[in-house]
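Visitor: Here you go, one structure.
There are 2 protein chains.
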Amino acid sequence: MLRLAILSLLANSDYSGYDLSKAFDASLTYVWAASQSQIYPELHKLEAKGLIEGVDVPQDGRPDKRLYRITDAGRDTLVEWADELPGTYAIRDRFQLTTINIGRLPPARARELVTGQRALLQQRHEVLAGIAELLESAGHRPGEPWNDQLGWRLTVEAGLRTSAAYVGWCDWALEQLDTSAAHRSRKHLPPIRP
Amino acid sequence: MLRLAILSLLANSDYSGYDLSKAFDASLTYVWAASQSQIYPELHKLEAKGLIEGVDVPQDGRPDKRLYRITDAGRDTLVEWADELPGTYAIRDRFQLTTINIGRLPPARARELVTGQRALLQQRHEVLAGIAELLESAGHRPGEPWNDQLGWRLTVEAGLRTSAAYVGWCDWALEQLDTSAAHRSRKHLPPIRP
DNA sequence: TTCGGCATGTAAGTGGTTACATGATTTC
DNA sequence: GAAATCATGTAACCACTTACATGCCGAA
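From first to last, the protein sequence lines stand for chains A and B.
Position 171 (the first sequence) corresponds to 671 in my numbering; numbering is contiguous.
Position 32 (the second sequence) corresponds to 532 in my numbering; numbering is contiguous.
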């Protein structure tokens, strides 16, 4: 699916491999993570298929680069790939595997882990909020007439809502952990009565 | 991370490879998807490491099976693996790659895709709600004293909240698509004035 | 002079998917 | 008689990660 992600970016503007990698880290990571070392080989494959074309751009003061542009065939293929309704929705959330076993850890450590995850998600939410503002100031606001770019705003909103929900869950989970831990300590350390 | 997922299940009860695969499809899929063909080799690896041990159980009327049980070393390793705070949170949401490009599709098709995704997430939410009820009737309710299994309820709640948020997003997205599509048709088909 | 940024890559390894193979039993 | 369920697996392939290699520039 990396190809779909790359074409989605190249459909808006030209990129070098390096710039693509930056663009992934800056925004697309929140939907589809990709590492540098994946991107270069994928660009070669896309060019071999004629979906993008690269031009060598000499630069002075810094290394030359190869700028890629999407072709007409590339745009057609992008639409084809996007136009598939997936029959399943598979997630893999590493942190939830920890959560399942969180009761095997000491309460203090359990708290630490959830707090850490909360920070990650909170930060993600802030970055996405920034992107949403940028998009809005660039004219991508709800209610726009139908156009090619309209999907970006929707995707950012999905990220905002799911990360907000996740942060909310973290807070709820912390409360749960605290009450459960309290029950245990009450059992083990009953209050002293003079 | 599949090992973590498998050990998490085996920590609660014994399973054959086949049963594990079923258990994944029935519940863990919503956190960590795994296919049959992955599970068998992984079980061999875990047994070779001494984290689980298998016993051949002869059966009549159906093929013999090999039941796996977690070892003490396995429980220790499970806790070690669970006790890692991840520094990043990488998602890969295929549908959002479609969403980015949804403005390139005809409005009717765009609607169809979001509606399809909504159905998937709605179903996921219902299955998770069923699991939550099961857990609660089995005594896994919020406020329980600290225990090994307490994480399951938390994980199910995370699934409930994120899928609910996703369904909410789908509804919002459908509204957005409708208003954008309406703007377009108003442009192309201005109202007739006698 | 050392580090970070720009720019492009390779190699080795891990993780995961899809499809297939086998074979008995039960259900439609 | 065909299909689904139980049960275990293999093989080929694709996707992704981590680590490394190269080389030049500018800033601290």
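Here a beta-carbon is modelled for each residue, glycine too, at the ideal position from N, C-alpha and C.
Computed from a predicted model, the values in this text were never measured in an experiment.
(1) Skipping 5 residues on each side, what residues in its chain have a beta carbon closer than 6 Å to that of V614 (chain B)?
(2) Specify the secondary structure class of I591 (chain B) as computed by DSSP and reduced to three states.
(3) Under 7 Å Cβ-Cβ, which residues of chain B neighbour D648 (chain A)?
(4) Please look up how many angstroms separate the CB atoms of R618 (chain A) and V667 (chain A), rounded, as I've assumed it's under 8 Å.
(5) Assuming L650 (chain A) contacts E657 (chain A) (C-beta within less than 8 Å), just tell me the rounded distance between them.
(6) Looking at the structure shown, is W672 (chain A) part of a helix, part of a strand, or coil, going by DSSP?
(7) Would you tell me roughly how many angstroms separate the C-alpha atoms of R624 (chain B) and Y530 (chain B), rounded to the nearest one?
(8) Please give me, in chain order, every unbroken run of the beta strand (DSSP E) with length at least 3 that falls completely inside the region 593-624 of chain B.
(9) How far does the alpha helix (DSSP H) with K545 (chain B) in it extend, from its first residue to its last?
(10) For L543 (chain B) versus L507 (chain B), is the C-beta spacing smaller than 8 Å?
(11) Taking the alpha-carbon of R569 (chain B) as reference, which of B:S513, B:L635, B:Q676 and B:R611 has the nearest alpha-carbon?
(12) Starting from S508 (chain A), find everything on chain B with Cβ-Cβ shorter than 9 Å and list it in chain order.
(13) Anything in chain B within Cβ reach of S521 (chain A), meaning under 9 Å, just list it in chain order.
(14) Determine the burial state of L634 (chain B): buried for a count of at least 16 other Cβ atoms within 10 Å of its Cβ, exposed for fewer.
(15) Just list the residues that DSSP pairs R566 (chain A) with in beta bridges.
(16) For L660 (chain A) and L528 (chain A), I'd like the C-alpha separation in whole angstroms.
(17) With a cut-off of 8 Å on the beta carbons, I'd call R695 (chain A) and D648 (chain B) a contact; round off their distance for me.
(18) For P586 (chain B) versus L677 (chain B), is the C-beta spacing smaller than 8 Å?
(19) Excluding five sequence neighbours on each side, which residues of the same chain lie with their C-beta closer than 7 Å to the C-beta of G573 (chain A)?
Guide: According to the structure data:
(1) Cβ neighbours of V614 (chain B) beyond the five flanking positions: C670, A673 and L674.
(2) Assignment of I591 (chain B) by DSSP, reduced to helix, strand and coil, places it in the coil class.
(3) Neighbourhood of D648 (chain A) in chain B, by CB distance below 7 Å: G603 and R604, in chain order.
(4) That pair is a contact at about 6 Å.
(5) L650 (chain A) to E657 (chain A), Cβ: 11 Å. No contact.
(6) Note: W672 (chain A) maps to helix in three-state DSSP.
(7) Near 8 Å, if we compare the C-alpha coordinates of Y530 (chain B) and R624 (chain B).
(8) Counting only runs that start and end inside the region 593-624 of chain B, there is no beta strand (DSSP E) element of at least 3 residues.
(9) Counting along the chain, the alpha helix (DSSP H) containing K545 (chain B) begins and ends at Q536 to A548.
(10) In this structure, L507 (chain B) does not lie closer than 8 Å to L543 (chain B) by Cβ.
(11) Scanning B:S513, B:L635, B:Q676 and B:R611 for the CA closest to the CA of R569 (chain B) turns up B:S513.
(12) Close to S508 (chain A), with beta-carbon spacing below 9 Å, are these residues of chain B in chain order: L597, I600 and N601.
(13) The premise fails here: S521 (chain A) is roughly 15 Å from chain B at the closest Cβ pair, so nothing lies under 9 Å.
(14) Its Cβ having fewer than 16 others within 10 Å, L634 (chain B) is exposed.
(15) In the DSSP secondary-structure assignment, R566 (chain A) is bridged to A:D556.
(16) Roughly 13 Å separates the two Cα atoms.
(17) Chain A is shown from 501 up to 694; residue 695 (chain A) falls before or after that span and cannot be answered.
(18) Not in contact: P586 (chain B) and L677 (chain B) (Cβ atoms no closer than 8 Å).
(19) According to the sequence as given, residue 573 (chain A) is Ala; it is not Gly. Contacts found: G550 and L551.
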